[in-house]
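Residue numbers for the sequence shown follow the numbering used here, beginning at 85 and rising by one.
Even glycine gets a Cβ: it sits at the ideal position worked out from N, Cα and C.
The structure displayed is predicted, hence computed values, not measured ones.
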Amino acid sequence: MFVAKSRAVFWPTLVAVALALSGCTDSGDDDTSGSDVLTLWHYEHATSAMGIAWAEAIKQFETSHPGVTVKFEQKEFEQIRQNAGITLNADGAPDLLEYNKGNATAGTLSKQGLLTDLTPQVTRRGWDELLAPSLQTTARYDDQGIMGSGAWYGIPNYAEYVMVYYNKDMFAERGLQIPTTLDEFQTVMDVFVEAGVTPLSVSGAEYPAQQIFYELVLSQANRSFVDAYERYQGKVDFAGPEMTFGANTFADWVRKGYINEDAASVKAEDMSAGFQESRFPMVIVGSWLYGEFTSGIKDFQWGTFLFPGNKLHPGSSGNLWVVPEKAKNKDLAYDFIDITMKPEIQNLLGNSGGIPVAADPSKITDEKNRELIANFTAIESTDGLAFYPDWPAPGFYDVLGVAIQDLINGSKTPAQVLTDVAGPYHDNLTSLGINP
85 MFVAKSRAVF WPTLVAVALA LSGCTDSGDD DTSGSDVLTL WHYEHATSAM
135 GIAWAEAIKQ FETSHPGVTV KFEQKEFEQI RQNAGITLNA DGAPDLLEYN
185 KGNATAGTLS KQGLLTDLTP QVTRRGWDEL LAPSLQTTAR YDDQGIMGSG
235 AWYGIPNYAE YVMVYYNKDM FAERGLQIPT TLDEFQTVMD VFVEAGVTPL
285 SVSGAEYPAQ QIFYELVLSQ ANRSFVDAYE RYQGKVDFAG PEMTFGANTF
335 ADWVRKGYIN EDAASVKAED MSAGFQESRF PMVIVGSWLY GEFTSGIKDF
385 QWGTFLFPGN KLHPGSSGNL WVVPEKAKNK DLAYDFIDIT MKPEIQNLLG
435 NSGGIPVAAD PSKITDEKNR ELIANFTAIE STDGLAFYPD WPAPGFYDVL
485 GVAIQDLING SKTPAQVLTD VAGPYHDNLT SLGINP
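Set out below in structure tokens:
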């Protein structure tokens, strides 16, 4: 998936993009080409589990590298997603950055030669021994940029999955229990609608609505469908039962009032605020917001449950540390990655509301955090990670975004929306010479 927690940024010209993302100035004061500065970019909130853990990693890095400083630049998810190809092909590329995993993102950049092959470092530093096979899938890409095999182009140091967050107080007021099937889930939402409360806080302007659609698709899917859709290991029928159910049911949820009709224009940040302010009893989003909710929600009790009835869930390794091919200080970047994989940083990430990949379970002390990690382990151990819906093709995030907005607005039928989505998907297969 993918972790969008900030507002999109739109740049008027390519020149503005290059300047804004590279942090260039005309004074020369920000020159970081020497080996005494590591330039690091990521887009995690300071209060998130990753933001907390990586801030500590920066301190440890500077302590273990006397005379070297970290020049950290906070970016926005949309900023990097839209412009990474331009930025990483410029002389102002950072030494290390967080980047989205999957064929459409890291896979595309690896195929374009913009990312450093990390395989020698993986072998030398033993990173592969710290990552379960299912988490390695998104770190490796073949010559066509297809994930799952080939060289290592990124290293994840956390994992993630999508779940339902719910307001326990609002459930208790209506005598509601956690639903265990899709029918029970819809019954719960009917109760809220009858009380004049929209059940789900949804962002249709960014990634979350796409993931709700995918949850509904996965409710009818199996592993063979996921492998076909995400890894091109079979034919995907966009008029088949999985996609049809997802699109039809999503449209039904809008008609039934489970999702607001104005959700198409709602940003992810506003969706999060709607849940935290008790304006909505539930939000379907990933574990990347767990730490933010832990620190931000003070006025009610909340909990989580997996999407009812599903055996497959959106989720994967977390986003990747990638080293641009044009990075000037690659050795420093490798050292920083290594620190983020160390037990003390992994344990801190786990105790801050994240899902570590190499922590000591006995060191995770918070009950809520243990539950979060246990749910992920249950999904991962049963081969239940189904990646994210926008991964299969370059630009597919935008294709899906428009399609889901059309469903919310009712401007197109579910069948028309699926036709719109199928075209770019199959065009990408043709460009790769793949005919499943």
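Is the beta carbon of residue i less than 8 Å from the beta carbon of residue j?
i	j	result
Pro427	Pro263	no
Val301	Met273	no
Ser371	Tyr291	no
Lys410	Asp175	yes
Gly318	Ser308	yes
Thr131	Ser285	no
Pro478	Thr153	no
Ala188	Tyr237	no
Leu122	Leu416	yes
Pro520	Tyr316	yes
Val521	Tyr183	It is not possible to answer for residue 521, since the shown part of the chain is limited to 85 through 520.
Ala289	Ala348	yes
His149	Asp419	yes
Leu516	Met134	no
Val320	Phe471	no
Pro498	Asn344	no
Val338	Ile492	yes
Leu396	Gly324	no
Tyr313	Pro508	no
Ala137	Ile429	yes
Asn394	Glu299	yes
Gly590	Leu198	Since the first residue shown for the chain is 85 and the last is 520, residue 590 is missing from the structure and cannot be characterised.
Ser287	Ala279	no
Ile448	Asn431	yes
Leu124	Phe156	yes
Gly522	Ser194	Here the chain covers residues 85 to 520 and nothing more, so residue 522 does not appear.
Buried or exposed, going by whether 16 or more other CB atoms sit within 10 Å of the CB of residue i?
i	result
Arg224	buried
Ser117	With a pLDDT of 44 at Ser117, under the threshold of 50, the predicted position of this residue should be treated as unreliable, though the coordinate-derived value follows. Flag for Ser117 reads exposed.
Gln196	exposed
Arg165	buried
Thr514	exposed
Glu455	exposed
Leu502	buried
Gly210	exposed
Val486	exposed
Ile518	exposed
Lys412	buried
Ser436	buried
Gln158	exposed
Lys382	exposed
Thr200	buried
Asn306	exposed
Thr424	buried
Thr222	buried
Ala443	buried
Asp114	Confidence is the limiting factor: at Asp114 the pLDDT is only 37, short of 50, which leaves the residue's position unreliable, though a coordinate-based value still follows. By the 10 Å Cβ count, Asp114 comes out exposed.
Ser495	exposed
Val505	buried
Lys529	No answer is possible for residue 529: the residues shown for the chain start at 85 and end at 520.
Gln261	exposed
Asp490	buried
Gly186	buried
Asp110	Only weak support is given to the placement of Asp110: the predicted model assigns it a pLDDT of 34, under 50, and the question is left unresolved by the model.
Gly375	buried
Under 8 Å by Cβ, that's how I've got residue i and residue j pegged, so tell me the actual separation to the nearest angstrom.
i	j	result
Phe384	Asn251	6 Å
Tyr249	Val367	5 Å
Leu215	Pro408	Their Cβ separation, rounded to whole angstroms, is 22 Å, which puts Leu215 and Pro408 out of contact at 8 Å.
Leu373	Ser356	6 Å
Pro240	Gly402	5 Å
Val281	Lys340	Actually they are not in contact, since the Cβ atoms of Val281 and Lys340 sit about 13 Å apart, beyond 8 Å.
Lys414	Asp179	7 Å
Pro445	Phe364	Not confirmed; about 33 Å, so no contact.
Ser488	Phe297	In the sequence under discussion, the amino acid at residue 488 is Ile, which differs from the Ser named in the question. Confirmed, Cβ separation roughly 6 Å.
Met247	Phe389	7 Å
With DSSP as the reference, identify every bridge partner of residue i, one or two as the case may be.
i	result
Phe439	In the sequence on display, residue 439 carries Ile and not Phe. Beta-bridge pairing links Ile439 to Ala243.
Glu157	Trp125
Val286	Beta-bridge pairing links Val286 to no other residue.
Leu433	None; Leu433 has no bridge partner.
Leu181	Trp125 and Val406
Tyr471	Residue 471 is actually Phe in this sequence, not Tyr. In DSSP, Phe471 forms a bridge with Gly399.
Open item on the list: If we require 3 or more residues per run, which beta strand (DSSP E) segments fall completely within the stretch 332-407?
Closed with: 366-370, 386-389, 399-401 and 404-406
Task: Within the stretch 183-265, ranges of the beta strand (DSSP E) (whole runs, at least 3 residues) - done: 242-251
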